[in-house]
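The structure appears right after this line, and notes come after that.
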């Protein structure tokens, strides 16, 4: 199979390894179903800082240091960081990675950024541009609400279609060898815009992009849903999940059995009152690190398609009446 | 020489070619010293749209289509877009590339994004992940002032250290063959923070990052300033240029003879009242396309180090009293 596979995928001749990863989350995430699987749960939503934004930077720095610690690597052994967050001009990342003194590629793909970071990191290691790289994303409930909707103090009501931004950061060390999971291919997403304008229904904004990328992945690799043990979207939540499954059925694929969504996994629907599920750059990252990679490492999952989903929303474009386009980046991971 | 060169550089075994490029600018840029070299000058600052942000998206779409037209390529022949802008959540890019229907990696490195886009695009083509990719950035004076400082209607006074955000977009088609300039290496920058907090003195915020990347490029490639015909920063302007030259002198390198700054080249200091020079994601992009690449193609420049410079500023971090860190990405381009 060619390196350039199909219309928008890459099959790596030398698949990079996910050497190790780390997840750092807030209190609410720690109280959820994955609570005992995260590396670090911080009870203080400010992470000891005096603003939500600084808290998120601290969370990123903690995630990076924890991942490096597990890998037994010093920051100086990491050649590049691929990282991003949801805040305007990526301030969580800029201030979060500053002290690591590592060359950095700043990325933005809304909540799909984890897929974008893992894709570019894998491309970089596989091409021989680096021995070790770090891929990392984060989000923070307080910072995201302030950025995109209303400050928490305002106490606005949330419709049932709304998702809850995960306070969390996931970091991944990709290397030429080591670990028990590899990235064997990627399918890079396009901007997909069905004209949805509801900033409190991110699932509906992103589902068409997820469907587009998953469908393209099937085409490019000549695969069926059954070729994956799980097809894992980032943060579609319950609303987006329904739309995604419908859209793919229209294209002739039924992923009901394989589909899993990080936004659905991370909170308990009955007790945690998060409405449609979790979301944010950190949602798919911490769920990948805490729930999925351990299963890939054990071999209870052999091959998954990981598809973080992003809603390309900004308050400026929203207030000017524009739609919320979506994007989703697919990453194929296999047990090794 | 190894692919991984020194601490933070790559030397491409198969250097990708810059097949062609395009520049689209606004009225003020068209009245400047490079006026007759741009591909398209739009007299209407709104580019026929009803907001600055939509204007910027239209400008990106125009730049992309112009570059593709020169290359004789259809959008479907471009495998990936690497693009970004200065607006929160990259809305100029999201809406600008939507209609092209090409897989996209969204990037943010403030005004260094052009260097980040060219670096990742070059890495992608050289590794065999794509035959043709598009690297693109943009900025718009109206949108940037609204985003970072004051709305134009407020009519605030600007200090002499302030730069003027360029209304412009540059697009570059990178391919395995063709054209008369190649990207032979890249030096990826780190976040460098000297603690400067003045959002109206971007030159001072970015100069330390530029010095760091240029110094590292000299170390990694074992080069001296004389090994480059020009060392071209993105938008340091007059204030940043002085600081950069001083910082590199402290490290033992005098780049006075080689240094050139896109922010200084693009406006006329005497007649255009832009104070410290031009800035923005579009500044280095359109200057590279209109002024530098033609000289590389003719061979009047043989080898240049192109170093777009970014100030990692957001109104949120600024209002919370944080500093403005800088980042700069180096791209080595040679005549071929």
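Residue numbers (our numbering), protein chains in the order written: chain A, 1221 to 1556; chain B, 1221 to 1556. Glycine included, every Cβ here is placed at the ideal spot set by N, Cα and C.
Separation of residue j from residue i, as counted between CA atoms
i	j	result
residue 1391 of chain A	residue 1343 of chain A	17 Å
residue 1387 of chain B	residue 1430 of chain B	23 Å
residue 1551 of chain A	residue 1523 of chain B	37 Å
residue 1267 of chain B	residue 1419 of chain B	28 Å
residue 1366 of chain A	residue 1321 of chain A	29 Å
residue 1547 of chain B	residue 1332 of chain B	7 Å
residue 1368 of chain B	residue 1510 of chain B	27 Å
residue 1409 of chain A	residue 1470 of chain B	46 Å
residue 1275 of chain B	residue 1538 of chain A	16 Å
residue 1544 of chain B	residue 1311 of chain A	10 Å
residue 1518 of chain A	residue 1399 of chain A	11 Å
residue 1385 of chain B	residue 1373 of chain B	16 Å
residue 1432 of chain B	residue 1488 of chain B	28 Å
residue 1434 of chain B	residue 1305 of chain A	28 Å
residue 1238 of chain A	residue 1270 of chain B	46 Å
residue 1254 of chain B	residue 1528 of chain B	18 Å
residue 1330 of chain B	residue 1224 of chain B	25 Å
residue 1335 of chain B	residue 1370 of chain B	27 Å
residue 1232 of chain B	residue 1540 of chain B	42 Å
residue 1289 of chain B	residue 1490 of chain B	36 Å
residue 1446 of chain B	residue 1553 of chain B	15 Å
Residue i: first and last residue of the uninterrupted beta strand (DSSP E) it sits in
i	result
residue 1300 of chain B	1300 to 1304
residue 1394 of chain B	1388 to 1395
residue 1529 of chain B	1529 to 1531
residue 1553 of chain B	1550 to 1555
residue 1453 of chain A	1450 to 1453
residue 1466 of chain B	Segment 1457 to 1470 is the alpha helix (DSSP H) holding residue 1466 of chain B; no beta strand (DSSP E) there.
residue 1260 of chain B	1260 to 1262
residue 1246 of chain B	1237 to 1246
residue 1229 of chain A	1229 to 1231
Under 9 Å between C-beta atoms of residue i and residue j
i	j	result
residue 1309 of chain A	residue 1328 of chain B	yes
residue 1291 of chain A	residue 1316 of chain A	no
residue 1444 of chain A	residue 1228 of chain A	no
residue 1456 of chain B	residue 1468 of chain B	no
residue 1486 of chain A	residue 1503 of chain A	yes
residue 1303 of chain A	residue 1337 of chain A	yes
residue 1475 of chain B	residue 1526 of chain B	no
residue 1318 of chain B	residue 1416 of chain A	no
residue 1473 of chain A	residue 1226 of chain A	no
residue 1423 of chain A	residue 1358 of chain A	no
residue 1294 of chain A	residue 1536 of chain B	no
residue 1363 of chain A	residue 1273 of chain A	yes
residue 1549 of chain B	residue 1339 of chain B	yes
residue 1162 of chain A	residue 1499 of chain B	In this structure chain A extends from 1221 to 1556, so residue 1162 of chain A is not present and cannot be described.
Close beta carbons around residue i, own chain, < 6 Å, minus the five adjacent residues each side
i	result
residue 1506 of chain A	1243, 1245, 1388, 1390
residue 1325 of chain B	1302
residue 1513 of chain B	1241, 1401
residue 1481 of chain B	1453, 1456, 1461
residue 1298 of chain A	1322, 1352, 1354
residue 1484 of chain B	1497
residue 1361 of chain B	1385, 1387
residue 1494 of chain A	1384, 1487
Own chain residues within Cβ distance below 8 Å of residue i, not counting five before or after
i	result
residue 1236 of chain A	1341, 1342, 1345, 1346, 1394, 1395, 1396, 1402, 1403
residue 1449 of chain B	1478, 1521, 1522, 1523, 1524
residue 1542 of chain B	1417
residue 1439 of chain B	1226, 1227
Range of the contiguous alpha helix (DSSP H) that encloses residue i
i	result
residue 1364 of chain A	1361 to 1368
residue 1345 of chain B	1333 to 1346
residue 1422 of chain B	1422 to 1441
residue 1279 of chain B	1272 to 1291
residue 1403 of chain B	Not the alpha helix (DSSP H): residue 1403 of chain B falls in the beta strand (DSSP E), residues 1401 to 1407.
residue 1513 of chain A	1513 to 1518
residue 1311 of chain B	1311 to 1317
residue 1483 of chain A	1482 to 1485
residue 1324 of chain B	Here residue 1324 of chain B belongs to no alpha helix (DSSP H); instead the beta strand (DSSP E) covers 1324 to 1326.
heavy atom of the ligand SAM below 8 Å from residue i C-beta
i	result
residue 1336 of chain B	Absence of the ligand SAM from the depicted structure is noted, as is the absence of any ligand whatsoever, leaving it without description.
Residues of its chain near residue i, where Cβ-Cβ distance is below 7 Å and the 5 sequence neighbours each way are ignored
i	result
residue 1427 of chain A	1456, 1460, 1463, 1464, 1467
residue 1379 of chain A	1420
Three or more beta-carbon pairs under 8 Å between the region 1271 to 1281 of chain A and the region 1247 to 1255 of chain A, yes or no?
no
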